[in-house]
Each structure stands twice: as C-alpha cells, then as structure tokens.
Amino acid sequence: MLAERMNRVMKELANMELTQMIIVDPLSIYYLTGVYVSPGERFLGLYLNQTGKKVFFVNKLFPIPAELDAEVVWYSDTDPVMDRVAEYVDPSCALGVDKDMRARFLLPIMEVYPQMTVKNASLAVDLTRGQKDGQEREKMRAASRINDQAMDRFRALIHAGVREKEVAEKMLNIYLELGADGFSFEPIVSFGANAADPHHMPDDTVLKDGDCVLFDVGCKKDGYCSDMTRTFYYKAADETSRRIYEIVKRANEAAEALIRPGVPLCELDKAARDVITEAGYGPQFTHRLGHFIGLDEHEFGDVSSVSDWIAAPGMIFSIEPGIYLEGNTGVRIEDLVLVTENGCEVLNHYSKELEIIESYQ
C-alpha cells in the first residue's frame with residue numbers, strides 16, 4: 033500500500049516534469065512511510081527522486097522504526113542539517129518542495145545552489161492524498177460511524193439551563209467511550225444567534241426555549257478524521273427557522289444527488305447555492321460548500337465555485353451548505369461523501385430531518 037502511494041506521487045511529479053522533491057509535512061510523510069513524527073521547530077524531511085532514492089532526515093530526539101524503506105539521516109540540534117540535505121539534492125535538476133517548507137530551511141539550500149530552480153510541487157502529494165485507497169476508505173467509514181453514534185449522545189446532553197461550554201466539555205469522553213482516539217478538531221456548539229457565526233466557539237451562552245442547537249463535530253480513529261454538522265431546535269422552532277432549515281436540507285441533498293465521477297466540483301457548489309439563492313438567502317450562505325478531509329480535518333482541495341477539480345473515485349469531501357441570519361439564528365447541515373466508481377456514498381447516516389429536542393434532565 034505504501035509503495036503504491038509512493039508510485040502515485042512519483043507519477044504526479046513526472047507529470048510536473050520534476051525528478052526530485054523534498055516533503056516536510058508530517059502527515060504527508062506518515063502517508064508515504066507509515067512513520068509519524070511531530071518535529072516542532074526542527075527539520076523533518078523526506079527526499080525522493082525518480083531513481084527510487086528515498087532519504088528520511090530526522091532529529092535524534094525522535095525514535096523511528098529500525099526497519100524503514102528509506103535511508104535515514106540522523107542529526108542533532110547542533111548539526112548543520114540543511115548542509116546534509118543539500119548533499120543529496122541534484123542541482124542540475126529542478127527541486128520540488130511542498131508548500132509547508134519553511135524559508136529558514138529552504139533558503140540555505142538555495143544559497144548552496146543559486147542556479148537551481150525550485151518549484152512548489154505540493155500537488156504531487158495533494159492529488160495523491162485526495163483520492164483515498166481502499167484501506168483509507170474503510171478508516172474514514174469507521175470514523176464517521178463513531179461520529180453518527182456520538183451525535184445521538186451529544187443531542188442527549190441538551191437540557192434547560194445548560195451552557196455551550198458544558199456540552200462541549202463532555203464530548204471528548206463520549207468519543208473515547210465510543211472507540212475514537214480523540215477530536216479531529218475542537219467541537220463547535222452554538223445556541224441561538226451564535227449559530228449565525230459559522231466558526232463560533234463554545235462559550236457561557238445558556239440555552240433558551242426556541243433556540244437552535246448547532247453541533248459541528250468530528251473525531252479521529254486510526255489517524256483518520258470525521259466531520260459532521262447537525263442543527264436541532266430546543267422545545268420549538270419558529271416559522272423562519274423551519275423555513276431556512278428545509279432550504280438548507282434541500283441544498284445539501286441537491287449537491288449530493290449530483291456526485292459521481294467526472295462531475296466538476298464547482299457544479300456541486302452551484303447546485304446547493306442555487307437552491308439557497310432562489311429561496312432569497314444567497315448572501316447568507318457565506319462560505320464554500322465543502323472541503324477535502326482524511327488524515328487532516330481540512331486537506332488540500334475544496335468544493336467551491338472556483339474549484340477546477342473533477343470528481344474522481346476515492347475523493348472524500350464535505351457537503352455543508354448553510355444559512356446564517358446575523359443576530360438571530362443559523363443552520364448548517366454537513367455530511368462527508370465518498371466518490372465511488374459509479375456514484376456517491378454518504379458516510380454519515382444520522383437523520384437530517386428537523387428535530388425538536390425536549391429536555392432530558
């Protein structure tokens with residue numbers, strides 16, 4: 033599996049007319065080697081070239097498996113590590129680097145080889161990671177199954193007088209009890225008018241009758257992320273709330289109904305946005321329709337009006353239209369979807385019907 037991923041990256045590099053690359057993103061290195069290191073401020077790099085050479089540069093602080101399909105170059109804090117890296121680079125060829133390469137690491141190489149062309153080659157890895165293999169698809173399904181189960185538990189935390197923070201503080205233990213390894217991102221819990229802020233963080237807001245309750249939550253399982261949003265109502269939902277909820281639900285379903293290989297991702301955004309715009313709320317849908325996800329909660333690639341990506345088997349991304357009425361309320365409904373060989377698999381199965389929560393406590 034790792035060898036196949038490496039081959040796909042090298043093929044993408046060849047398409048970019050590049051013969052060598054340095055990868056520094058820890059998750060991309062993990063994706064290609066099975067070894068995860070969080071280096072902090074220290075250099076961590078994987079050098080690849082089209083001859084099949086793989087060199088892993090790692091600080092002696094970090095243990096890695098003894099058997100690794102790469103030459104390992106160890107260095108200490110006092111070593112001139114970028115001089116060592118430069119020894120492996122072929123200055124007669126352009127060097128690809130990923131978008132996370134820090135200037136303080138890249139500039140020393142460029143000073144050694146001022147004549148060498150340096151290119152952003154991130155797409156070689158991003159495109160490969162963007163299409164999940166069979167093993168990754170199963171892990172993404174497993175993470176989303178836990179998220180479905182967790183949503184039901186989160187809904188049960190809602191009761192009269194509860195604060196957003198109180199609910200959020202109980203979420204991690206619920207995930208762990210269900211078999212997750214932790215959060216994929218800090219949970220969003222929004223009551224009432226707070227839901228009009230798409231990235232509102234839980235605070236001391238107290239739940240009131242008639243408030244919407246928006247949960248945007250996700251967990252990690254075996255390194256892979258889940259992400260789902262559902263919007264509920266406490267005790268009652270007024271006419272405006274019901275109206276915008278049904279519009280957002282239709283937008284979500286309109287986009288999902290189009291997903292299949294060969295469909296431009298910008299058309300998915302348009303399908304959802306047209307539903308909301310025709311209902312009179314276009315300006316209140318303030319963000320793209322979705323983002324890619326996998327080892328990271330937000331991976332490269334998006335579902336937006338300017339995306340030039342075409343749906344292909346193995347892509348997994350969110351479909352999350354929303355309507356946000358400042359000072360009043362907000363609705364977002366989000367699923368993760370997997371593009372299959374002939375259509376689409378929605379990874380989330382928690383109901384999208386409008387639900388009124390009665391007090392549990």
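Going left to right, the sequence shown walks through residues 33 to 393 as the working numbering numbers them. Even for Gly, the Cβ is constructed at its ideal location relative to N, Cα and C.
> Okay, do the stretch 59-72 and the stretch 115-126 touch, 3+ Cβ pairs below 8 angstroms being the bar?
Replying inline: No, they do not touch.
> Nearest CA to the CA of Ile96: which residue from Val69, Tyr277 and Ile54?
Replying inline: Within the sequence shown, residue 96 is the residue found at index 64, counting from 1. By alpha-carbon distance to Ile96, the top candidate from Val69, Tyr277 and Ile54 is Val69.
> Can you tell me whether Asp236 is buried or exposed, with buried defined as 16 or more other CB within 10 angstroms of its CB?
Replying inline: Here residue 236 refers to the residue found at position 204 when the sequence shown is read from its first residue. So Asp236 ends up on the exposed side.
>> On the DSSP bridge list, what partners appear for Val363?
In response: Against the sequence shown, residue 363 aligns to sequence position 331. Under DSSP, Val363 takes part in a beta bridge, and its partners are Ile355.
> Where does Asn152 land, buried or exposed, given buried means 16+ other C-beta within 10 angstroms?
Replying inline: Numbered from its first residue, the sequence shown carries residue 152 at position 120. Exposed, by the Cβ-count rule.
> Between the stretch 280-295 and the stretch 221-232, are three or more C-beta pairs nearer than 8 angstroms?
Replying inline: As far as the Cβ criterion goes, the stretch 280-295 does not touch the stretch 221-232, which means the pair count is below three.
> So which of Thr83, Lys85, Lys86 and Ile389 has the shortest CA-CA distance to Tyr265?
Replying inline: Taking the first residue of the sequence shown as 1, we reach residue 265 at position 233. The shortest C-alpha separation from Tyr265 is found at Ile389.
>> Please report the straight-line C-alpha distance between Gln167 and Glu103, rounded to a whole angstrom.
In response: To locate residue 167, count along the sequence shown from 1; it is residue 135. To locate residue 103, count along the sequence shown from 1; it is residue 71. If you take the alpha carbons of Gln167 and Glu103, they lie about 26 angstroms apart.
> Which whole-angstrom value is the C-beta distance of Gly72 and Leu34, which I expect to be below 8 angstroms?
Replying inline: Position 40 of the sequence shown, counted from the start, is the residue given in the question as residue 72. Position 2 of the sequence shown, counted from the start, is the residue given in the question as residue 34. About 25 angstroms separates the two Cβ atoms, so there is no contact after all.
>> Applying the 10 Å Cβ sphere with the 16-neighbour rule, what's the burial state of Val371?
In response: Taking the sequence shown and counting its residues from 1, one reaches residue 371 at position 339. It counts as buried.
> If you draw a straight line from the C-alpha of Cys376 to the C-alpha of Glu331, how long is it?
Replying inline: Against the sequence shown, residue 376 aligns to sequence position 344. Against the sequence shown, residue 331 aligns to sequence position 299. C-alpha separation (whole angstroms): 19 angstroms.
> In the structure shown, what three-state DSSP assignment does Cys298 receive?
Replying inline: In the sequence shown, the residue the question calls residue 298 occupies position 266. The three-state reading of DSSP puts Cys298 in helix, counting H, G and I together.
>> On the DSSP letters alone, give me the boundaries of the beta strand (DSSP E) that Gln147 sits inside.
In response: If you number the sequence shown from 1, residue 147 lands on position 115. Annotation for Gln147: no beta strand (DSSP E) segment contains it, and DSSP assigns it neither H nor E.
>> Please classify Val338 as buried or exposed, where buried requires at least 16 neighbouring CB atoms within 10 angstroms.
In response: Translated into the one-based positions of the sequence shown, residue 338 becomes position 306. The residue is exposed, with fewer than 16 neighbouring Cβ atoms inside 10 Å.
> What did DSSP end up calling Asn374 once you bin it into helix, strand or coil?
Replying inline: If you number the sequence shown from 1, residue 374 lands on position 342. It is coil, neither helix nor strand.
>> So, at 8 angstroms on beta carbons, what are the nonlocal neighbours of Ile178 in its own chain, with the 5 sequence-adjacent residues on each side left out?
In response: Here the question's residue 178 lines up with position 146 in the sequence shown. Spatial neighbours of Ile178 in its own chain (CB-CB distance under 8 angstroms, excluding positions within 5 residues in sequence) are listed in chain order as Tyr207, Leu210, Gly211, Ala212, Cys251, Lys253 and Ser258.
> Which partner residues of Glu103 appear in the DSSP bridge assignment?
Replying inline: Walking along the sequence shown from the start, residue 103 turns up at place 71. In the DSSP output, where bridge partners are listed per residue, Glu103 has Val87.
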